[in-house]
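Numbering (full-length UniProt numbering), first residue to last: 1 to 302. Reviewing the structure listed below.
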Amino acid sequence: MTAFWILAPIMVVAALGLLFVRKAVHAALLLAVVMISLAVLYAVLEAPFLFAVQIIVYTGAILMLFLFVLMLVGVDASDSVVETIKGQRALAWFTGLAFVVVLVVGFTQLTFGTAVGLDEANEGGNVQALANLLFSRYVFIFEVTSALLITAAVGAMVLAHRERLTPRRTQADIAADRIRAYAETGAHLGPLPPPGVYARHNAVDTPALLPDGSPAPASVSRVLAARGTMQATGLKDIEAIKDQLGVEPAEAPETAGRTAASGSTEENAAPIGTASLSPGDDPTGPGAANGTVTEGSQGGDH
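Dropping the structure here:
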């Protein structure tokens, strides 16, 4: 009975906290406390099968729920770094040590004495006795509970199912809507600019830069912008790129690229025309003017 009087208040407080906490992660932790305490009570009452089922099935499922909550909902960075409540670390250590003491006391309760009637109830084995109770004295409650669980599963599927009220949109319909939006409101027709364009790196939290150096709002996810984790960027990125290139775009003439390209073409074409002339050919002939005279053609003329 000592384990019951110790674990019962803990279970009640954890269950009340499960109802009133705001965060799903805290609710999952409190539910795990209730399940583990109930498993210890099963062990104290000499029901090893129920103890194992409670730990493996219920507590294991709750811990998996805890992981799913972390993956789907997520934890804000401020919750994991900043200590919002003063002294919560010390309180957490004290609570954990107290819970360990309670578990130790609960397991040692097994040797304090024997309960009346447990030997007769478990004469053929604990699992057999449990099956006899479920399917004889409590068979109606067992069937009602199973029907309730099936009803809950069917209700969840019905609530999650959505009827399609409109025909399914095809890719052609989506493209037509984009063209219509561009014609009516001038909305951006092409894909959104990827993050990091004209910036120092291509991180997803770095916005693309417009020609004037200002960040493009559409290049970063709205979630990052709402959380305030978007990297600040601006004209300094363009200045950094200029410094890395070592060239000032305003000082270079517009024909610089074409002049360089034509110069490289002439340099490459001159050796070809000279090498194609044979020793006996006239450099001033019509074939040499355009550099198309070859050794094979001269041999055919002779």
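Cβ atoms here follow ideal geometry from the backbone N, Cα and C, with glycine treated the same way.
C-alpha gap between residue i and residue j, whole angstroms
i    : j    : result
K86  : A92  : 11 Å
L30  : A14  : 5 Å
H26  : F94  : 18 Å
F49  : M35  : 15 Å
L63  : W5   : 26 Å
R178 : P191 : 11 Å
R137 : S37  : 26 Å
G17  : A225 : 34 Å
R169 : V154 : 29 Å
V101 : P9   : 15 Å
T108 : A3   : 9 Å
A98  : V57  : 25 Å
E46  : A90  : 35 Å
Environment of residue i [buried if 16+ CB atoms lie within 10 Å]
i    : result
T145 : exposed
T166 : exposed
L209 : buried
L41  : buried
M11  : buried
V33  : buried
S214 : exposed
F135 : exposed
D79  : With a pLDDT of 47 at D79, under the threshold of 50, the modelled position of this residue cannot be trusted; read the value that follows with caution. Under this definition D79 is an exposed residue.
V220 : buried
A289 : Model confidence at A289 stands at a pLDDT of 44, short of 50, so the residue's coordinates are unreliable; what they give is reported in the following sentence. Classification for A289: exposed.
Where residue i sits in the DSSP three-state scheme
i    : result
L209 : strand
P48  : helix
P215 : strand
S78  : Residue placement at S78 is flagged as unreliable, the pLDDT there being 45, under the threshold of 50; a coordinate-derived value is accordingly withheld.
R169 : coil
E123 : coil
R89  : helix
H26  : helix
R162 : coil
A187 : coil
A203 : coil
Expected contact under 8 Å - CB spacing of residue i and residue j to nearest Å
i   : j   : result
T59 : A39 : 7 Å
Segment limits, alpha helix (DSSP H) that includes residue i
i   : result
I10 : 2 to 20
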